[in-house]
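Chains as they are written, first to last, in my numbering: chain V, 1 to 296; chain W, 1001 to 1240.
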């Protein structure tokens, strides 16, 4: 039964990773930007919530609501002032820009908040769980996070398929130049995509900080998990991101069930296995098309 | 009334100068055919007018306003729409979504999804089909419909018959004639000289980036256009 418990906890953990990975997937899907600062932006959201709970005395959930519009605005400004210019300079430049941003955010957080470990209070729900049997427990807070992740993904799905902004996002992702030629302001679409991505990162960051301790340099490790979830689920696919998050989460908790040291390693191995399978499949397809060309 | 004025436009692709000192006026309501061999600079000139290619020199004036530095999406709002070569639909969007994307910059006017489907009835049963699954003719109809959704005053069409079956080309051109009758100003890039002369009110021929022949379609003979097309009339200074 411990294995069942591990799988259930893995699925729930997948919600955290999916939430974290959603913005990363959106930015890559629309702009082909691999945002190396994504984990750090999530942490920035967590520290902002920390600031509000510590100094304004508000609850973490209220702080979360306050953080979201600030993150939206920050994402918009970030795109307009920094990433847009990087995009115009070439494909690799945004990678360098976001890497620089990662370092700047981490050091600024260390400067203002010290390298100490912090955590955000999660209220009574944080410690509540449903005991199904003697070996199976379902923590309510993780269920809440998975629910929020699904809610965010459904919301984004509806935004992309049912709204004018969604159509513009998909059109710009497919062909930004042609989108401009039919009247879409591609730069404006990019700015709105980054705003949404940073807001989801901040949301994930606050939930992460309510779930576990964090410090100014936790961003890169969160980025790695988000990146792995995106790659496992299929780059640019929103529901694939949820699936990728769940696969990663289950791999980690099952790995930890074997030995607690295998928690992170098991996730990385599954990620590598997916990469290898994809590479072999792509190679096989290439060989197949090559042999068809030769025989034709 | 002059709707579009192109003044001494130069356009480059890196070191290659694709358009050289081209000046051109387009009157409101006319259909202008722009002909020329491959590489003559027609597509570059059209893209420069639409705003997706930045000119190296010269000026573009639309409806009295200098739009040379205006971005493409703003030109669409002003009334310039381009149907690009190769259609360039958004492949994962449905026909209806392709049309609706263009409503972002919709000016006031008669064109909406229903109006487009009336002109292109072949699209009606395909509204929910992904653009990638359409035939060449269906894609071209969607591309023209998408441009019409912006309610353009000036419609730029780049090689609309390229790669289409003759029967489909007939259908597309019949639709264009209907658009012209409704008063839409059209600039049409076409390699088929006979067809260009048949549908247009005025014809312009480009060779190696320059205008080498310009005149009313009724007065210009096929031989004159063919001569300009292949550079035979260049020494005669036929431009204008």
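Here a beta-carbon is modelled for each residue, glycine too, at the ideal position from N, C-alpha and C. Note that this is a predicted model, so its numbers are computed, not measured.
Helix or strand or just coil, what does DSSP make of residue i?
{"i": "residue 175 of chain V", "result": "coil"}
{"i": "residue 1053 of chain W", "result": "coil"}
{"i": "residue 1236 of chain W", "result": "Confidence in residue 1236 of chain W is poor, its pLDDT being 39 and thus under 50, which makes the residue's placement unreliable; the coordinate value appears in the next sentence. In the structure shown, residue 1236 of chain W sits in a helix (DSSP, three-state: H, G or I)."}
{"i": "residue 212 of chain V", "result": "coil"}
{"i": "residue 34 of chain V", "result": "coil"}
{"i": "residue 1018 of chain W", "result": "strand"}
{"i": "residue 217 of chain V", "result": "coil"}
{"i": "residue 1008 of chain W", "result": "strand"}
{"i": "residue 1185 of chain W", "result": "strand"}
{"i": "residue 22 of chain V", "result": "helix"}
{"i": "residue 1206 of chain W", "result": "strand"}
{"i": "residue 97 of chain V", "result": "helix"}
{"i": "residue 1217 of chain W", "result": "coil"}
{"i": "residue 1106 of chain W", "result": "coil"}
{"i": "residue 1160 of chain W", "result": "coil"}
{"i": "residue 203 of chain V", "result": "helix"}
{"i": "residue 1150 of chain W", "result": "coil"}
{"i": "residue 254 of chain V", "result": "helix"}
{"i": "residue 222 of chain V", "result": "helix"}
{"i": "residue 3 of chain V", "result": "helix"}
{"i": "residue 91 of chain V", "result": "coil"}
{"i": "residue 1171 of chain W", "result": "helix"}
{"i": "residue 296 of chain V", "result": "Its pLDDT being 46, under 50, residue 296 of chain V is placed unreliably in this model, and the coordinates cannot settle the point."}
{"i": "residue 107 of chain V", "result": "helix"}
{"i": "residue 278 of chain V", "result": "helix"}
{"i": "residue 163 of chain V", "result": "coil"}
{"i": "residue 1089 of chain W", "result": "coil"}
Less than 9 Å separating the beta-carbons of residue i and residue j?
{"i": "residue 26 of chain V", "j": "residue 226 of chain V", "result": "no"}
{"i": "residue 1134 of chain W", "j": "residue 1081 of chain W", "result": "no"}
{"i": "residue 37 of chain V", "j": "residue 219 of chain V", "result": "yes"}
{"i": "residue 50 of chain V", "j": "residue 199 of chain V", "result": "no"}
{"i": "residue 1046 of chain W", "j": "residue 1189 of chain W", "result": "yes"}
{"i": "residue 146 of chain V", "j": "residue 10 of chain V", "result": "no"}
{"i": "residue 1022 of chain W", "j": "residue 1051 of chain W", "result": "no"}
{"i": "residue 1093 of chain W", "j": "residue 174 of chain V", "result": "yes"}
{"i": "residue 1131 of chain W", "j": "residue 1142 of chain W", "result": "yes"}
{"i": "residue 135 of chain V", "j": "residue 4 of chain V", "result": "yes"}
{"i": "residue 189 of chain V", "j": "residue 159 of chain V", "result": "no"}
{"i": "residue 1096 of chain W", "j": "residue 1113 of chain W", "result": "yes"}
{"i": "residue 109 of chain V", "j": "residue 43 of chain V", "result": "yes"}
{"i": "residue 1102 of chain W", "j": "residue 1053 of chain W", "result": "no"}
Could you give the C-beta distance for residue i and residue j, rounded to a whole number, given that I count them as a contact under 8 Å?
{"i": "residue 1159 of chain W", "j": "residue 1085 of chain W", "result": "5 Å"}
{"i": "residue 1150 of chain W", "j": "residue 1107 of chain W", "result": "6 Å"}
{"i": "residue 1105 of chain W", "j": "residue 1077 of chain W", "result": "5 Å"}
{"i": "residue 1006 of chain W", "j": "residue 1024 of chain W", "result": "4 Å"}
{"i": "residue 238 of chain V", "j": "residue 169 of chain V", "result": "Their Cβ separation, rounded to whole angstroms, is 12 Å, which puts residue 238 of chain V and residue 169 of chain V out of contact at 8 Å."}
{"i": "residue 150 of chain V", "j": "residue 140 of chain V", "result": "Not confirmed; about 15 Å, so no contact."}
{"i": "residue 45 of chain V", "j": "residue 195 of chain V", "result": "About 13 Å separates the two Cβ atoms, so there is no contact after all."}
{"i": "residue 118 of chain V", "j": "residue 213 of chain V", "result": "7 Å"}
{"i": "residue 1213 of chain W", "j": "residue 1204 of chain W", "result": "7 Å"}
Give the DSSP bridge partners of residue i, in chain order.
{"i": "residue 1081 of chain W", "result": "W/1155"}
{"i": "residue 130 of chain V", "result": "V/138"}
{"i": "residue 1032 of chain W", "result": "W/1187, W/1202"}
{"i": "residue 1025 of chain W", "result": "W/1005"}
{"i": "residue 1065 of chain W", "result": "W/1062"}
{"i": "residue 1130 of chain W", "result": "W/1094"}
{"i": "residue 1211 of chain W", "result": "W/1206"}
{"i": "residue 118 of chain V", "result": "V/214"}
{"i": "residue 1013 of chain W", "result": "W/1016"}
So, is the C-beta of residue i closer than 9 Å to a C-beta in chain A?
{"i": "residue 151 of chain V", "result": "The chain inventory of the structure shown lacks chain A, comprising the protein chains V and W."}
Under 8 Å (Cβ pairs) to chain V, residues found in the stretch 1184–1202 of chain W: none
Near-chain V residues of the stretch 1112–1125 of chain W (beta-carbon distance less than 8 Å), N- to C-terminal order: none
Proximal residues, the stretch 147–173 of chain V versus chain W, C-beta separation under 7 Å: 164, 167, 168, 170, 171
Selection of the stretch 170–199 of chain V by Cβ proximity to chain W, strictly under 8 Å: 170, 171, 174, 175, 177, 178, 179, 180, 181, 182, 183, 184, 185, 186
Contact set between the stretch 1125–1153 of chain W and chain V, restricted to residues whose Cβ is under 8 Å from the partner: 1146, 1147, 1149, 1150
Cβ-based contacts, 7 Å cut-off: residues of the stretch 1082–1099 of chain W near chain V: 1082, 1084, 1088, 1090, 1091, 1092, 1093, 1097
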